[in-house]
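>
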Amino acid sequence: MAGRPRRRARRRPGDGPPRRRAPGPDPGRFGKQPALPHRPLPGGESPLRAPLPGECEGDRAEAAKLLGWSPAKLDARLLLLHAAPAVLDALAARRLKLGHAELLAGLPEATQAGTLAKILSDGIPVAALKERIGGFALDLSAAAFDTTDCAACRYNSSRQAALFSEAVAGGRCQNRACYGDKTRAALSGKSRAHA
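Using the working numbering, you'd call the opening residue of the sequence shown number -14 and step up by one each time.
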C-alpha cells in the first residue's frame, strides 16, 4: 500500500469504486480577489469576494447566480467598491452603517475621507448625510453641457438610486469638480461658436 493515499488504503473489498466529487466551479476561482484587500461587511458578506463579471466572461447574471445574489445586489456591491478604503474599513468594523457607505461611494474619494471623519466624530445619521449630499449635489437637468455620458457615471445619483437603498434623489451629480469642468468646456465652446 506504500505510495497510495490513505483513503484508498482503507477501502475494503466490495466497497466499489471510489466516489468522486461532482464537477462544479472551482471554489478558489471565486474567492478573495488577489489584487484587492479583503474587507468583510457586517453579516460576513464581502463586496470583494464577489466574482467580478470579467471572471464569468462578462456575465453578471452568472456571477450573481454563483453568489446566490440577485443581479441588482451584485451591481450594488460592485458599485460599493468605489468607496474609499477607509470607508470600507469603517463599515467592516461596524463603526459605519451600510447606508453611510452607499452614500459615500457616490462621492469622489477625496471628499469621502473628510466626510467619513465628520460622520464618525459627530455621529451623523444616514438621513442627515443623505440630506447634506442632496444639497451639495448639482442638478443634471440644469446642466449647460450634454449629459449623455453622465447616465453611466458612478457620481450620478440616478444610478445609485437604482441600486442602493440609500441614495440622493435622482438626476444629481455628486462630483462638483467634474460638473464644473464640463460646464466651463461647454460655455467656452458656445462662446467660440458665437464669436
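No residue lacks a Cβ here, since even glycine has one placed at the ideal position from N, Cα and C.
Do the segment 38 to 58 and the segment 80 to 99 meet, that is, are 3 or more Cβ pairs less than 8 Å apart?
In short, these stretches do not touch, since the Cβ pair count stays below three.
> Taking buried to mean at least 16 other C-beta atoms within 10 Å of its own C-beta, is residue 80 buried or exposed?
If you number the sequence shown from 1, residue 80 lands on position 95. Looking at its Cβ environment, which holds fewer than 16 other Cβ atoms inside 10 Å, residue 80 is exposed.
> Residue 153 lies in the alpha helix (DSSP H); which residues open and close that run?
Looking up residue 153 in the sequence shown gives position 168. Where residue 153 is concerned, there is no enclosing alpha helix (DSSP H), given that its DSSP letter is neither H nor E.
> Give me, in chain order, the residues of the same chain whose beta-carbon lies closer than 7 Å to that of residue 143; leave out the 5 immediate sequence neighbours on both sides.
Start at 1 with the first residue of the sequence shown, and residue 143 comes out as number 158. Only 155, 156 meet the Cβ criterion.
> Secondary structure at residue 81, three-state DSSP: helix, strand or coil?
Stepping through the sequence shown from its first residue, residue 81 is reached at position 96. Here residue 81 sits in coil by DSSP.
> Decide if the segment 156 to 169 is in contact with the segment 119 to 128; the criterion is three or more beta carbon pairs, one per stretch, under 8 Å apart.
Yes: at least three Cβ pairs fall under 8 Å.
> My understanding is that residue 168 touches residue 130, with C-beta atoms under 8 Å, so please give their C-beta distance in whole angstroms.
Stepping through the sequence shown from its first residue, residue 168 is reached at position 183. Stepping through the sequence shown from its first residue, residue 130 is reached at position 145. About 6 Å separates the two Cβ atoms, so the contact holds.
> Going by DSSP, what residue range makes up the alpha helix (DSSP H) through residue 104?
Counting from one through the sequence shown, the residue named residue 104 turns up at place 119. Unbroken alpha helix (DSSP H) run through residue 104: 94 to 107.
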